[in-house]
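Student: Quick note: this note's numbering has the sequence shown finishing at residue 269, numbered continuously throughout.
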Amino acid sequence: MRTLSPIKAISHALRSVITYPAVAIRIGLFWIPLLFALGVLEMWIGAPSPQVPQPGLPHLIQFISAVIGIVAVSSMAVSWHRFVLRDELGPPTRLDSYVWRYAGNFLLIVLMVAAPMLLIGVALAFMQTAASVILIPAGLLAGATVYRLSIKLPAVALGKSDFSFRDAWKVSEGYFWQLLGVFLLNTAMLLGAVLLLLAIISGVSLASPLAAQVVALILSAAIQLFYTLFNASVFTSLYGFFVERREF
Numbered sequence: 022m023r024t025l026s027p028i029k030a031i032s033h034a035l036r037s038v039i040t041y042p043a044v045a046i047r048i049g050l051f052w053i054p055l056l057f058a059l060g061v062l063e064m065w066i067g068a069p070s071p072q073v074p075q076p077g078l079p080h081l082i083q084f085i086s087a088v089i090g091i092v093a094v095s096s097m098a099v100s101w102h103r104f105v106l107r108d109e110l111g112p113p114t115r116l117d118s119y120v121w122r123y124a125g126n127f128l129l130i131v132l133m134v135a136a137p138m139l140l141i142g143v144a145l146a147f148m149q150t151a152a153s154v155i156l157i158p159a160g161l162l163a164g165a166t167v168y169r170l171s172i173k174l175p176a177v178a179l180g181k182s183d184f185s186f187r188d189a190w191k192v193s194e195g196y197f198w199q200l201l202g203v204f205l206l207n208t209a210m211l212l213g214a215v216l217l218l219l220a221i222i223s224g225v226s227l228a229s230p231l232a233a234q235v236v237a238l239i240l241s242a243a244i245q246l247f248y249t250l251f252n253a254s255v256f257t258s259l260y261g262f263f264v265e266r267r268e269f
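Shown next, in the form of structure tokens:
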């Protein structure tokens with residue numbers, strides 16, 4: 022059994038993004054400004070009011086933003102997968118069959134993992150508070166499961182229809198703890214980025230709350246581009262390791 026080093030997997034993915042900043046910017050050239058504009062629109066219209074439960078314009082804008090966000094992430098991820106694995110650089114506005122299939126598989130992974138977590142959360146709501154500790158191992162299990170299933174995503178981006186979730190599960194059998202380590206390292210990086218973002222926004226808000234909102238949108242867009250491509254790189258690295266038998 023080959024050894025999967027979580028540190029090497031994360032380092033390899035991080036190095037992939039850092040090495041090609043021009044490609045990363047090109048891939049996000051269309052989607053990131055669009056997501057930024059939607060963020061500005063949401064800020065201008067305001068958040069949905071708890072006193073108005075029926076759907077309104079804020080709810081509609083949030084729904085549209087969520088849908089476009091999923092399509093944008095899928096489009097950028099497919100472009101990045103194909104660039105790293107096939108040295109192909111498509112248009113920034115990629116919206117081909119690969120993207121739609123990628124988005125569908127991404128949502129399917131979310132549903133497969135989120136549904137059991139939701140059921141556990143509902144069950145714990147009727148139990149003693151101490152039982153909530155179950156959520157910690159359940160969350161860790163869910164994180165490792167997402168990474169095992171996501172090995173399929175690069176295959177989807179490459180147009181391979183003969184590699185299923187079952188195949189992804191099979192090739193990663195016996196690597197639960199290593200994939201959990203990849204998940205935890207990635208989560209720690211994301212948490213660090215969020216904390217840094219909050220610190221910057223808090224500092225700017227002391228001078229101008231409006232400027233803080235603008236800075237938050239700009240930095241959030243930059244972080245979204247980075248983490249979209251970084252996560253795609255992680256899945257690409259895992260696909261290369263398990264399916265194409267590559268080393269980091």
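Ideal Cβ placement from N, Cα and C applies to all residues, glycine included.
1. Identify, in the order they occur along the chain, each residue of the same chain with its Cβ nearer than 7 angstroms to the Cβ of Leu106, setting aside the five sequence neighbours on each side.
2. Would the stretch 52-60 count as touching the stretch 86-96 if we require 3 or more Cβ pairs under 8 angstroms?
3. Hey, does Leu106 have any beta-carbon neighbour from chain C nearer than 8 angstroms?
4. With Trp101 and Ile48 assumed to form a contact (beta carbons below 8 angstroms), what rounded beta-carbon distance in angstroms separates them?
5. For Val264, which three-state DSSP category applies?
6. Helix, strand or coil for Pro113? Go by DSSP, reduced to three states.
7. Suppose you measure from the CA of Asp117 to the CA of Leu206; what does that come to, to the nearest Å?
8. Give, in chain order, every unbroken run of the alpha helix (DSSP H) that is at least 4 residues long and sits entirely within the stretch 41-67.
9. DSSP three-state call for Phe184: helix, strand or coil?
10. I believe Ser171 touches Ala124 by the beta-carbon criterion, under 8 angstroms. Please report the beta-carbon distance rounded to the nearest angstrom.
11. Sort Met138, Lys173, Val167 and Arg169 by Cα distance to Leu156 and report the nearest one.
12. Measure the alpha-carbon distance for Ser193 versus Leu78 and round it to whole angstroms.
13. For Ala163 versus Val131, is the C-beta spacing smaller than 8 angstroms?
14. Only counting runs of 3 or more residues, tell me where the beta strand (DSSP E) segments fall wholly within the stretch 160-229, in order along the chain.
15. Mapping the DSSP letters down to three states, classify Phe269 as helix, strand or coil.
16. Quick one: measure Cβ to Cβ for Ala243 and Leu201, integer angstroms, because I've assumed they're closer than 8 angstroms.
17. Below 8 angstroms between beta carbons: does that hold for Glu109 and Arg115?
18. So, under 8 angstroms CB-CB, Leu227 and Ser241 are touching, yes? Tell me the CB distance rounded to an integer number of Å.
19. For the alpha helix (DSSP H) containing Ile82, name the first residue and the last one.
20. How many angstroms separate the CA atom of Ser182 from the CA atom of Tyr196?
21. Ignore the nearest five residues each way along the sequence and tell me which others in Ser185's own chain have a CB closer than 8 angstroms to its CB.
22. Comparing C-alpha positions only, which one of Leu128, Asn126, Ala159 and Phe127 sits nearest to Ile141?
Tutor: Based on what the coordinates show:
1. Taking the sequence shown and counting its residues from 1, the one referred to as residue 106 is at position 85. For Leu106, where only same-chain residues beyond five positions count, the Cβ hits under 7 angstroms are Pro175, Leu179 and Thr257.
2. Contact between the stretch 52-60 and the stretch 86-96 is present: 3 or more CB-CB pairs across the two stretches fall below 8 angstroms.
3. Given the protein chain composition of this structure (a single chain), no chain C is represented.
4. Along the sequence shown, read from residue 1 onward, the residue named residue 101 stands at position 80. Along the sequence shown, read from residue 1 onward, the residue named residue 48 stands at position 27. With a beta-carbon spacing of about 6 angstroms, Trp101 and Ile48 fall inside the 8 angstroms limit used to define contacts.
5. Along the sequence shown, one-based indexing puts residue 264 at 243. DSSP places Val264 in coil when its eight states are reduced to three.
6. Taking the first residue of the sequence shown as position 1, residue 113 is located at position 92. Three-state result, Pro113: coil.
7. The residue labelled residue 117 in the question sits at position 96 within the sequence shown. The residue labelled residue 206 in the question sits at position 185 within the sequence shown. Computed Cα separation, rounded: 32 angstroms.
8. Taking only runs of at least 4 residues, the alpha helix (DSSP H) segments lying wholly in the stretch 41-67 are 42-48 and 52-66.
9. Along the sequence shown, read from residue 1 onward, the residue named residue 184 stands at position 163. Reduced to three states, the DSSP call for Phe184 is coil.
10. By one-based count along the sequence shown, residue 171 stands at place 150. By one-based count along the sequence shown, residue 124 stands at place 103. Their Cβ separation, rounded to whole angstroms, is 13 angstroms, which puts Ser171 and Ala124 out of contact at 8 angstroms.
11. The count along the sequence shown starts at 1 and reaches residue 156 at position 135. Here the closest residue by C-alpha is Met138.
12. By one-based count along the sequence shown, residue 193 stands at place 172. By one-based count along the sequence shown, residue 78 stands at place 57. So the two alpha carbons sit approximately 44 angstroms from each other.
13. By one-based count along the sequence shown, residue 163 stands at place 142. By one-based count along the sequence shown, residue 131 stands at place 110. No, they are not a contact pair.
14. Taken in chain order, the whole beta strand (DSSP E) runs of length 3 or more contained in the stretch 160-229 number zero.
15. In the sequence shown, residue 269 corresponds to position 248, counting from 1. In the structure shown, Phe269 sits in coil (DSSP, three-state: anything other than H, G, I, E or B).
16. As a working note, residue 243 is residue 222 in the sequence shown. As a working note, residue 201 is residue 180 in the sequence shown. No, Ala243 and Leu201 are not in contact; Cβ-Cβ is about 28 angstroms, not under 8 angstroms.
17. Against the sequence shown, residue 109 aligns to sequence position 88. Against the sequence shown, residue 115 aligns to sequence position 94. Going by C-beta atoms, Glu109 is not nearer than 8 angstroms to Arg115.
18. As a first step, residue 227 must be located in the sequence shown, where it is residue number 206. As a first step, residue 241 must be located in the sequence shown, where it is residue number 220. So it is not a contact: roughly 19 angstroms between Cβ atoms.
19. For the purposes of this step, residue 82 is taken as the residue at position 61 of the sequence shown. Segment Leu78 to Arg107, the alpha helix (DSSP H) holding Ile82.
20. Translated into the one-based positions of the sequence shown, residue 182 becomes position 161. Translated into the one-based positions of the sequence shown, residue 196 becomes position 175. Computed Cα separation, rounded: 24 angstroms.
21. The residue you call residue 185 lines up with position 164 of the sequence shown. If we look at Ser185 and ignore the five residues flanking it on each side, its Cβ neighbours are Lys173.
22. Taking the sequence shown and counting its residues from 1, one reaches residue 141 at position 120. Residue Ala159 is the option with its Cα nearest to Ile141.
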